[in-house]
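These protein sequences, in sequence, are chains A and B. The opening position of the first sequence corresponds to residue 1 in this note's numbering, with each subsequent residue numbered one higher. The opening position of the second sequence corresponds to residue 1 in this note's numbering, with each subsequent residue numbered one higher. All C-beta atoms, glycine included, are put in the ideal place defined by N, C-alpha and C. Computed from a predicted model, the values in this text were never measured in an experiment. Below is one structure; the comments refer to it alone.
Protein chains: 2
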Amino acid sequence: MSATKKVSTRGRPRAFDKEEALAKAQALFHAKGYDALSVADLTEAIGINPPSFYAAFGSKAELYGAALKRYEEKEGLDISGALAPDRPLDEGVATLLRQAADNYGSGAAPGCMVIEGARGTADQQACSQARRMLDMSRAVIDAAIAGREPERAELITDYIMMTMAGLSASARNGVPAERLRAIAAIASTQLSHHIEGIAPKGTKQ
Amino acid sequence: MSATKKVSTRGRPRAFDKEEALAKAQALFHAKGYDALSVADLTEAIGINPPSFYAAFGSKAELYGAALKRYEEKEGLDISGALAPDRPLDEGVATLLRQAADNYGSGAAPGCMVIEGARGTADQQACSQARRMLDMSRAVIDAAIAGREPERAELITDYIMMTMAGLSASARNGVPAERLRAIAAIASTQLSHHIEGIAPKGTKQ
DNA sequence: CTTTTTTTGTAGCGCTCATTACAAAATCCT
DNA sequence: AGGATTTTGTAATGAGCGCTACAAAAAAAG
């Protein structure tokens, strides 16, 4: 079934489950961040030695990239679903922010792994990997909004990205999920009033 | 005038200006973060050698603490002024968020040094120093709001902290000051709509 | 069996980090 | 002048980092 499963190869078989190890690594990267998590931490958590680690994952940065991809696939928000073109825009934004609050506040590690990884401190390669993913998410949001509010798409997207980053930071600072939801509710209620209210003539001011 | 200025001490005089060095260190910590800035970077920027560095500032973490303090004094927001009790609350919040947008988006380094430092990755001591300052700022905001909206103080403070963190993150992600101001404008109108809209009973409208 | 291929564990590489011994240099006090 | 005291530059410390050489071990292929 799984397309990536090698059934029979030559040589000594791997003594650990690679997907399982990736899952562990992703959780650790999410919880501790790229810099604070050492290869020694990873190999110890997985239960392997450095050579097995590098044979399987290439490098710490490569594994981080794979972990980011896995995170987005397994735990990422459903942006396209929330902002589907057949739903009112303000309702879609509210759904998206509510999803973010739930997602960032629950689960093993608080906050968004991509958003937090994108402001990486030390390692530039790891940071830019997360930045690229964040930029792509922004592009998806922007495209969904540009279909309905082409004049104010950048502003609305800016506002959504700001709010998601703020929710992620608040989650990291220990604000529990229910309070995050209440914050997200403020951020999204009557957003349409604001959008329609500030510049009703369609001018960019 | 200056109370901390030692005019005449014994021993060989220091060959560099300590306050000037602190200013440089604060700017560098703000721009690059604690982890990504090494002691070697600092001594090179100041133009001194490690022993002079440690004699003057104690340690990297101590210098970071002094830099945080200096940042708050010289570049911090005027929270008490913005949320002064003689002004309408929504107007005060709008002023505060507008200040944050201006502050985070302009100047040498983007974002808030305290907010960004509070989610430090590797060094726990540095992170908790920034966290403590952030908690104190939150307490000031919370106290100013509790005087007017005791029932919803936590929620409103949560929302303001989330927005400031989001603005700081957006600034770090390259959003320019004028767009930050537009985002902050949406955020503050959202809040006043919500405050007036949800519970009009017995409180100021 | 032998050969080939891959993974394994041990042990260590070079590097950067924050920090410090040490002695010479520069200033004040007597 | 002659200590006393503090800063200076040189050089190195131990610890941790990401990463790898190497040879033994385990499987398939001949």
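What would DSSP say about residue i, mapped onto helix, strand or coil?
i	result
B/I145	helix
B/Y64	helix
A/D41	helix
B/P200	Any answer about B/P200 is weak, because its pLDDT of 39 lies below 50 and its placement is not dependable; what the coordinates show is given next. Note: B/P200 maps to coil in three-state DSSP.
A/S192	helix
B/I183	helix
A/A108	coil
A/V140	helix
B/R14	coil
A/A177	helix
A/A23	helix
B/A122	coil
B/P150	helix
B/D86	coil
A/A3	Residue placement at A/A3 is flagged as unreliable, the pLDDT there being 44, under the threshold of 50; the coordinate-derived value follows with that caveat. Residue state, collapsed to three classes: coil.
If we cut at 8 Å on Cβ distances, does residue i have a partner in chain B?
i	result
A/A122	yes
A/S175	The amino acid occupying residue 175 of chain A in the given sequence is Val; Ser does not appear at that position. At least one chain B Cβ lies under 8 Å of A/V175.
A/G166	yes
A/T163	yes
By the criterion of Cβ-Cβ separation under 7 Å, what are the contact partners of residue i in chain B?
i	result
A/I186	Y159, Q190, L191 and H194
Going by the CB atoms, is the gap between residue j and residue i shorter than 8 Å?
i	j	result
B/H30	B/Y64	no
B/A84	B/G76	no
A/M162	B/G166	yes
B/A109	B/L96	no
B/A23	B/L42	no
B/A171	B/G105	yes
B/F53	B/A66	no
B/I186	A/Y34	no
B/A184	A/R119	no
A/A101	A/L191	no
A/M164	A/L68	no
B/T157	B/D142	yes
B/A144	B/S188	no
B/K60	B/V39	yes
A/A55	A/L28	no
Any C-beta of chain A sitting closer than 8 Å to the C-beta of residue i?
i	result
B/V39	no
B/R172	yes
B/D142	no
B/D35	yes
B/R119	yes
B/A169	yes
From which residue to which residue does the alpha helix (DSSP H) around residue i run?
i	result
B/Q99	L89 to G105
A/S36	As written in the sequence, residue 36 of chain A is Ala, which differs from the Ser given in the question. Segment: none, A/A36 is in no alpha helix (DSSP H) and carries neither H nor E.
A/T157	A153 to R172
A/G81	I79 to A82
B/P50	P50 to F57
B/G117	M113 to A118
Does the beta carbon of residue i fall short of 7 Å from some heavy atom of the ligand GTP?
i	result
B/A56	Ligands displayed in this structure: none; no statement on the ligand GTP is therefore possible.
So which residues on chain A does residue i lean against when the C-beta distance must stay under 9 Å?
i	result
B/Y79	For the record, residue 79 of chain B in the displayed sequence is Ile; it is not Tyr. Ordered by position in chain A, no residue passes the 9 Å Cβ test against B/I79, which lies about 17 Å from the chain.
Under 9 Å Cβ-Cβ, which residues of chain B neighbour residue i?
i	result
A/L63	What A/L63 touches in chain B: nothing, since even the nearest Cβ is about 17 Å away.
A/L155	R179, A182, I183 and I186
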